[in-house]
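Data first, discussion second: the structure below is written as structure tokens.
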Amino acid sequence: MNIFATFRIAVLALLRNKMRSFLTVLGIIIGVGAVIAMVAIGEGAKAEVQSAFDKMGTNMLVVRSGSSQQGGVRGGAGSQPTITWDDVDAIASEAPGVARVAPSIRQSVQLLGDGQNWTTSAEGTVPDYFTIRAWTLKSGAFFSEADVSGKTKVIVLGATVADSLFGPGADPVGAVVRVNNVPFEVVGLLARKGQSAMGQDADDVALMPISTFAAKIQGGLKKYMQGTVYVGANSPADTKLAQSSIDELLRRRHGIREGQDSDVTVNNLAEAASARAEGTETMTRLLAGIALVSLLVGGIGIMNIMLVSVTERTREIGLRMAIGAKPSDIRIQFVIEAVTLSTIGGAFGVALGVGAAEYLRSSLGWATVVQPEIVAISLGFSAVVGVGFGLYPAHKASGLDPITALRFE
Amino acid sequence: MADETPILDARDLEKTYTMGTQAVHALRGVSLTVQRGEFVAVMGTSGSGKSTLMNILGCLDRPTKGSYHLVGREVSRLDRDELADIRNQVLGFVFQSFNLLARTSALENVELPMIYAGVGGRERRRRATRALEQVGLGDRLDHTPNQLSGGQMQRVAIARAIVTEPKLILADEPTGNLDSKTSLEIIALFQDLRATGITIVLVTHEPDIAGFTDRVILMRDGKVQYDRPQTPVDARAAADAYAEVPA
Ligand SMILES: Nc1ncnc2c1ncn2[C@@H]1O[C@H](COP(=O)(O)OP(=O)(O)O)[C@@H](O)[C@H]1O
Ligand SMILES: [Mg+2]
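Heads up: the protein sequence lines correspond to chains E and X, in order. Reading the first sequence from the start, the letters are residues 1 to 409 in the working numbering. Reading the second sequence from the start, the letters are residues 410 to 656 in the working numbering.
Here's what the structure looks like:
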């Protein structure tokens with residue numbers, strides 16, 4: 001007997017009991033739909049965390065004055081300046097794994113441009129800052145090393161600042177902005193980043209050469225660098241090496257012995273990112289696990305219905321045997337019925353899951369990601385569920401004695 | 410046909426059912442030989458073992474003792490798959506309760522045995538249509554059992570039995586659920602089949618029905634009480650005569 005004819009018999013048998021077939025399939029639809037939707041939510045959360053950290057800059061380390069603990073009192077990073085400008089140079093030239101270094105000092109300032117004013121913290125830094133923090137331009141240019149050495153009065157604005165001073169969407173490049181009443185020429189407008197990983201507005205920034213900042217805003221450089229040092233490692237793999245080498249270098253330069261708390265904190269953002277991503281990964285697994293259980297319950301539903309169906313159709317099985325069906329024909333028929341149910345359920349489940357993920361994304365703004373692998377896996381799994389849970393009822397049916405089956409009331 | 414071996418040859422068949430501690434002797438040594446082309450009626454009171462005998466002859470059940478040759482083959486030596494092939498190709502069954510698949514068209518019901526024989530879809534439809542035409546249901550191909558009368562359902566069942574061109578048709582009380590007039594029409598159909606050379610063994614407890622066959626076997630308490638040939642009455646003529654009787 002060919003497989004197509006068997007398939008036809010199975011489908012006809014299912015169609016003879018449409019309502020029941022539908023209810024049986026519902027279990028699988030919900031199971032597969034849940035797996036896909038749950039994994040889409042989990043993957044979406046992971047991708048969101050990852051992209052937030054990517055926007056901050058990959059390979060990035062943040063070096064700040066102060067340690068988490070000083071003499072038993074929690075001081076908090078940056079509370080007491082301990083990093084000198086020589087330390088910054090040393091990090092750039094001596095620490096292995098380090099590609100570029102950008103010291104950054106900031107201060108709250110009043111900006112005035114095109115009749116509007118805006119208060120934000122201006123930042124003085126060097127061109128490497130843009131690379132380390134993964135900034136790109138919407139228009140104009142970054143300031144250059146020449147601007148730093150020449151103390152040029154140029155400024156690069158974030159999208160929020162530009163919108164506030166010049167109106168939404170305006171291109172401020174070439175315009176003049178007064179920073180605490182000192183006129184600066186706008187040379188660049190940064191591409192929008194949106195929210196930072198910490199939930200703040202990443203585009204509320206105004207950047208200028210560090211030398212200009214020291215001279216015009218802060219009133220001269222001090223011995224200690226009162227700010228943050230951003231460090232770009234050679235590669236993501238080198239961030240750990242760079243982190244430990246900077247820690248070691250600064251301990252040596254500050255004369256801090258092994259075992260003592262350092263007076264400098266080196267944060268590895270890539271590590272934080274991967275920890276967060278790992279957390280969402282765990283959540284994804286958990287959600288998928290719960291959804292898989294519901295798929296399993298759907299499979300048990302199929303087995304239940306197939307067993308009922310075998311009992312109910314005992315006479316039919318007897319008749320089929322009387323007119324020439326072999327035990328294997330009966331077995332294949334019931335397995336195919338189960339697999340057809342579960343695969344149809346799987347297909348509708350995929351539609352439901354993808355639909356739910358799409359709805360959550362478009363209507364509720366959740367960052368769901370449907371991966372083709374997951375669709376394939378849940379389809380495959382639902383077919384396996386069909387075979388697995390269809391086999392026992394099928395075996396039971398094929399083992400029936402023709403005359404006992406025919407006589408069954 | 411020069412084949413002189415009997416189509417079926419049963420020797421000393423015994424069948425004992427054990428129900429708990431009690432043994433029921435349904436057959437107590439039945440011997441029976443049927444030649445090709447015979448139309449045989451098996452009669453007897455309820456519980457005399459007719460159905461038990463038919464089930465063994467139809468390879469649906471095995472005897473407790475005795476030997477059974479069907480078309481020259483010893484049935485007790487065959488495995489489940491070989492028995493399935495025999496039921497598919499050598500035998501055709503007609504049951505008292507029709508045993509049609511519900512919510513399935515007459516055509517699909519008749520196609521069923523050919524699916525298990527591996528006949529292709531187009532050929533199946535062609536042969537099923539022809540079988541249904543042969544039993545006078547050429548205009549009811551798409552009707553499902555609940556759209557058919559009892560007599561029509563039994564015709565579909567007969568079409569299903571003959572569609573594989575079997576050598577032997579076994580019918581256990583095929584008219585048991587039908588009124589007299591419809592019964593006559595069904596028997597006339599069996600007589601037509603017999604005329605084409607098919608062997609038929611039919612169980613009935615109605616003497617008038619038995620009168621339409623070539624040979625009557627009477628069973629009693631699991632044994633053959635008598636077994637004699639006779640000249641059959643023409644069922645078609647009887648059916649026509651019946652039709653003229655005012656209701
Ligand atoms: N499956 C069975 N289990 C136990 N006893 C049975 C079974 N089938 C038939 N019998 C018994 O065997 C005897 C013959 O039954 P059966 O062949 O059905 O008679 P008939 O068809 O002539 O009415 C009866 O006494 C019946 O009760
Ligand atoms: Mg009986």
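Note that the Cβ used here is the ideal one computed from N, Cα and C, for glycine as well.
Taking a Cβ-Cβ threshold of 7 Å, the residues of chain E close to R512 of chain X are R16, in chain order.
Between the alpha carbons of G429 of chain X and A435 of chain X lies a distance of about 16 Å. V625 of chain X and R482 of chain X have their alpha carbons spaced roughly 25 Å apart. DSSP places E409 of chain E outside any beta strand (DSSP E), giving it a letter other than H or E. Counting only runs of 4+ residues, the alpha helix (DSSP H) found wholly inside the region 145-222 of chain E occupies 145-149, 159-166, in chain order. With respect to chain E, the C-beta atom of I571 of chain X has no partner C-beta closer than 8 Å. The region 28-41 of chain E makes contact with the region 327-346 of chain E: 3 or more CB pairs, one atom from each, lie closer than 8 Å. A515 of chain X is not a Cβ neighbour of L466 of chain X, given a cutoff of 8 Å. Taking a cut-off of 8 Å for Cβ pairs, the region 384-400 of chain E and the region 304-314 of chain E touch, as three or more such pairs fall below it. Listed along chain X, the residues sitting closer than 8 Å to R315 of chain E by beta-carbon distance are N508.
With 16 or more other Cβ atoms inside 10 Å of its own Cβ, N497 of chain X counts as buried. For T430 of chain X, the shortest separation between its Cβ and any heavy atom of ligand 1 does not lie below 7 Å. If you check each beta-carbon in the region 317-333 of chain E against every beta-carbon of chain X, the ones closer than 9 Å belong to G318, L319, R320, M321, A322, I323, G324, A325, K326, P327, S328, D329. Chain order gives the chain X residues near A5 of chain E as I524, where near means a beta carbon separation below 7 Å.
Along the region 281-312 of chain E, none of the residues has a CB nearer than 9 Å to a CB of chain X. Per DSSP, the unbroken alpha helix (DSSP H) holding S244 of chain E starts and ends at 239-254. The bridge partners DSSP lists for T622 of chain X come to none. Of all residues in the region 393-405 of chain E, only P402, I403 place a beta-carbon less than 7 Å from a beta-carbon of chain X.
Boundaries of the beta strand (DSSP E) around F504 of chain X: 500-504.
Any Cβ of chain E closer than 8 Å to the Cβ of R496 of chain X would place that residue at the interface, and such an atom is present. For F599 of chain X, none of the residues of chain E pass the 7 Å Cβ criterion, the least Cβ distance being about 18 Å. Interface criterion met: the Cβ of I9 of chain E is under 8 Å from a Cβ in chain X. DSSP, read as helix, strand or coil, puts M60 of chain E in strand. Interface with chain X (8 Å Cβ-Cβ cutoff): L352 of chain E is excluded.
For L23 of chain E, the closest Cβ of chain X is not nearer than 8 Å. R535 of chain X sits exposed, since fewer than 16 C-beta atoms from the chains shown fall within 10 Å of its C-beta.
Put simply, the CB of L12 of chain E is near chain X, with a gap under 8 Å to one of its CB atoms.
Per DSSP, reduced to three states, the secondary structure at E413 of chain X is coil, with no helix or strand assignment.
Against R629 of chain X, chain E offers no close residue; the least beta-carbon distance is about 22 Å (beta-carbon pairs closer than 8 Å).
A heavy atom of ligand 1 is found nearer than 7 Å to the CB of T461 of chain X. For the set E:G365, E:L292, E:P402, E:D329, the Cα lying nearest the Cα of L379 of chain E is the one of E:L292. Interface flag for L417 of chain X against chain E is unset, since no Cβ pair is found closer than 8 Å.
In the DSSP assignment, V231 of chain E is bridged to E:L61, E:V101. Between ligand 2 and the CB of D581 of chain X, the shortest heavy atom gap is smaller than 7 Å. In this structure, S506 of chain X has its beta carbon at no less than 7 Å from each heavy atom of ligand 1. Residue burial annotation: M321 of chain E is buried, with at least 16 other C-beta atoms found within 10 angstroms of its C-beta.
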